[in-house]
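Numbering (the UniProt record's numbering), first residue to last: 1 to 358.
All C-beta atoms in this analysis are idealised placements derived from N, C-alpha and C, irrespective of residue type, glycine included.
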């Protein structure tokens, strides 16, 4: 049974909107699955999954893959209703929330790792940092990876346990409850004063709150990482061409991954805030639903595009630096060697470590 607002939606042409959302969600989720799968396959075939540089990106792509599969399953359930669809949709939405909060944390983890990896390698070369410090940084990275998987699941335990025990899945009786986020109702009109109705309403707003707070914290940390990275690069001094190629690649990823993160989830954040504070039958709500379908389901695709573009730029810079070396005069070549030796040159395996970062 739906709320009057839900009935007005269907009578007022909302059925066509939800049908359009279903096709948009299906298309973008499919592209996201393909994009994230390509990064995972590349990491596996390169045998670099266990590399400290690649591990955060691998798990970010894995969370994007599972999230895209949740969106894909929701779109298919909308077009092919099944028995107990309300129960399936409720738990599918909760599982999707686990994966998109995990993707938030893995985006933060990967961006911070880009900064810390570059800083550790620089300090290791300049100050001869002992291997114990590098091992400690690697251990912290592994702990952050584990927490990025564990925290989202722990946050959603109340939604799984209390929601299912209180039959909150009945609020997903409308088949569009499987589409994206913020399409379900807070509670059934038949149980506004009951204990189960209060629990369902609390779980509804708890889920929105977890999403909004997770987004805000992730966005603040990503902004801080960007600021720290800029200050670090400005203080490094003269570096060789190969090192600048790696720094340019890292700089683009430190910028583009947070930008992709913001573009993917900003409409969903506005939609969640609107649902908490205003009517959900306005044209603004409809527009945000469409934007959410275009962006939230495409995170794996955008991350794949960022990865491919930055790798292309990195390889182009490396080829350009090699051409410059071949065309330089002996005097200029000796001068560059002198300046590189007086500055904080990279470690002997800079080029190799740069490639593993990809």
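Exercise for the section: Would you decide whether residue 163 is buried or exposed? Buried here means 16 or more other CB atoms lie within 10 Å of its CB. Expected result: Along the chain shown, one-based indexing puts residue 163 at 163. Classification of residue 163: buried, given that the 10 Å Cβ count is 16 or more.
Problem - Rounded separation between residue 231 and residue 306 - CA only - result: Here residue 231 corresponds to residue number 231 of the chain shown, with the count starting at 1. Here residue 306 corresponds to residue number 306 of the chain shown, with the count starting at 1. Distance between the alpha carbons of residue 231 and residue 306 is about 23 angstroms.
Problem - Whole-angstrom distance between residue 319 and residue 270, CA atom to CA atom - result: Residue numbering aside, residue 270 sits at position 270 when the chain shown is read from its first letter. Residue numbering aside, residue 319 sits at position 319 when the chain shown is read from its first letter. Each residue's Cα considered, the two are about 44 angstroms apart.
Exercise for the section: In the DSSP assignment, find the unbroken alpha helix (DSSP H) run with residue 292 in it and report its ends. Expected result: Counted from its first residue, the chain shown places residue 292 at position 292. It spans 283-295 - the alpha helix (DSSP H) in which residue 292 sits, taken as one unbroken run.
Problem - Cα-Cα separation between residue 311 and residue 62, rounded to whole angstroms - result: Locating residue 311 in the chain shown gives position 311, where the first residue counts as 1. Locating residue 62 in the chain shown gives position 62, where the first residue counts as 1. Near 19 angstroms, if we compare the C-alpha coordinates of residue 62 and residue 311.
Problem - Exposure of residue 101, with buried meaning 16 or more beta-carbon neighbours within 10 Å - result: Locating residue 101 in the chain shown gives position 101, counting from the first residue. When all chains shown are included, residue 101 counts as buried.
Practice task
Would you decide whether residue 47 is buried or exposed? Buried here means 16 or more other CB atoms lie within 10 Å of its CB.
Solution key: Here residue 47 corresponds to residue number 47 of the chain shown, with the count starting at 1. Within 10 angstroms of the beta-carbon of residue 47 lie fewer than 16 other beta-carbons, which makes it exposed.
Handout entry: Among 40, 23, 223, nearest to residue 365 - alpha-carbon criterion
Key = Residue 365 is absent from the structure shown; the chain starts at 1 and stops at 358.
Problem - Inter-residue spacing [alpha-carbon to alpha-carbon] between residue 221 and residue 59 - result: Along the chain shown, read from residue 1 onward, the residue named residue 221 stands at position 221. Along the chain shown, read from residue 1 onward, the residue named residue 59 stands at position 59. The C-alpha of residue 221 lies about 19 angstroms from the C-alpha of residue 59.
Practice task
Within the same chain, show all residues whose beta-carbon is closer than 6 angstroms to that of residue 187, passing over the 5 residues directly before and after it, in chain order.
Solution key: To locate residue 187, count along the chain shown from 1; it is residue 187. With a pLDDT of only 48 at residue 187, under 50, the local geometry of the prediction cannot be trusted, and no value is derived from it.
Practice task
With a 10 Å radius around its C-beta and 16 neighbouring C-beta atoms as the bar for buried, classify residue 82 as buried or exposed.
Solution key: To locate residue 82, count along the chain shown from 1; it is residue 82. Classification for residue 82: exposed.
Exercise for the section: State the DSSP-derived secondary structure class of residue 16, mapped to helix, strand or coil. Expected result: Numbered from its first residue, the chain shown carries residue 16 at position 16. Under the three-state reduction of DSSP, residue 16 is assigned to helix.
Practice task
Could you tell me which of 52, 55, 16, 68 sits nearest to residue 27, measuring between CA atoms?
Solution key: Indexing the chain shown from 1 puts residue 27 at position 27. Answer by Cα proximity: 68.
Problem - Range of the contiguous alpha helix (DSSP H) that encloses residue 57 - result: Position 57 of the chain shown, counted from the start, is the residue given in the question as residue 57. 55-79 is the span of the alpha helix (DSSP H), which, as asked, contains residue 57.
Problem - From 139, 288, 15, residue whose alpha carbon lies closest to that of residue 113 - result: Walking along the chain shown from the start, residue 113 turns up at place 113. It is 139.
Handout entry: Proximity below 8 angstroms, CB of residue 66 to CB of residue 99
Key = Taking the chain shown and counting its residues from 1, one reaches residue 66 at position 66. Taking the chain shown and counting its residues from 1, one reaches residue 99 at position 99. A contact, by the Cβ cut-off of 8 angstroms.
Problem - Whether residue 92 touches residue 152 by CB criterion (8 angstroms) - result: Reading the chain shown from its first residue, position 92 is the one you call residue 92. Reading the chain shown from its first residue, position 152 is the one you call residue 152. Not closer than 8 angstroms, so no.
Handout entry: Coil, strand or helix - residue 52 by DSSP
Key = For the purposes of this step, residue 52 is identified with residue 52 of the chain shown, where counting begins at 1. In the structure shown, residue 52 sits in coil (DSSP, three-state: anything other than H, G, I, E or B).
Exercise for the section: Name the residue from 273, 268, 72 whose alpha carbon lies nearest to the alpha carbon of residue 290. Expected result: Within the chain shown, numbered from 1, the residue matching residue 290 stands at position 290. Closest by alpha carbon: 268.
Exercise for the section: Would you kindly work out how many angstroms separate the C-alpha atoms of residue 17 and residue 25, rounded to a whole number? Expected result: Walking along the chain shown from the start, residue 17 turns up at place 17. Walking along the chain shown from the start, residue 25 turns up at place 25. When rounded, the distance between both Cα atoms is 12 angstroms.
Problem - Buried versus exposed call for residue 277 [16 or more other C-beta atoms within 10 Å across all chains shown] - result: Numbered from 1 along the chain shown, position 277 holds the residue referred to as residue 277. Answer is exposed; the Cβ neighbour count stays below 16.
Practice task
Measure the beta-carbon distance from residue 226 to residue 255 and round it to whole angstroms, keeping in mind my assumption that it falls under 8 angstroms.
Solution key: Numbered from 1 along the chain shown, position 226 holds the residue referred to as residue 226. Numbered from 1 along the chain shown, position 255 holds the residue referred to as residue 255. Sure, about 7 angstroms apart at Cβ, within 8 angstroms.
Exercise for the section: Report yes if the C-beta of residue 316 is less than 7 angstroms from at least one heavy atom of the ligand HEM; otherwise report no. Expected result: This structure lacks the ligand HEM; in fact it carries no ligand of any kind.
Handout entry: Under 8 angstroms between C-beta atoms of residue 228 and residue 74
Key = What you label residue 228 is simply residue 228 of the chain shown in a count that begins at 1. What you label residue 74 is simply residue 74 of the chain shown in a count that begins at 1. No, Cβ-Cβ distance for residue 228 and residue 74 is not below 8 angstroms.
Handout entry: Three-state secondary structure assigned by DSSP to residue 223
Key = Position 223 of the chain shown, counted from the start, is the residue given in the question as residue 223. If DSSP states are grouped into helix, strand and coil, residue 223 belongs with the helices.
Practice task
Helix, strand or coil for residue 166, going by three-state DSSP, please let me know.
Solution key: Taking the first residue of the chain shown as 1, we reach residue 166 at position 166. It is coil, neither helix nor strand.
Practice task
Please say whether residue 43 and residue 49 have beta carbons closer to each other than 8 angstroms?
Solution key: The residue given as residue 49 occupies position 49 in the chain shown. The residue given as residue 43 occupies position 43 in the chain shown. Contact flag set, yes.
Practice task
State yes or no: is the C-beta of residue 39 within less than 8 angstroms of the C-beta of residue 57?
Solution key: Residue 39 sits at position 39 when you count from the first residue of the chain shown. Residue 57 sits at position 57 when you count from the first residue of the chain shown. Yes.
Exercise for the section: Using alpha carbons as the reference points, say which of 144, 273, 261 lies closest to residue 304. Expected result: Here residue 304 refers to the residue found at position 304 of the chain shown. Checked all of 144, 273, 261; the closest Cα to residue 304 is 261.
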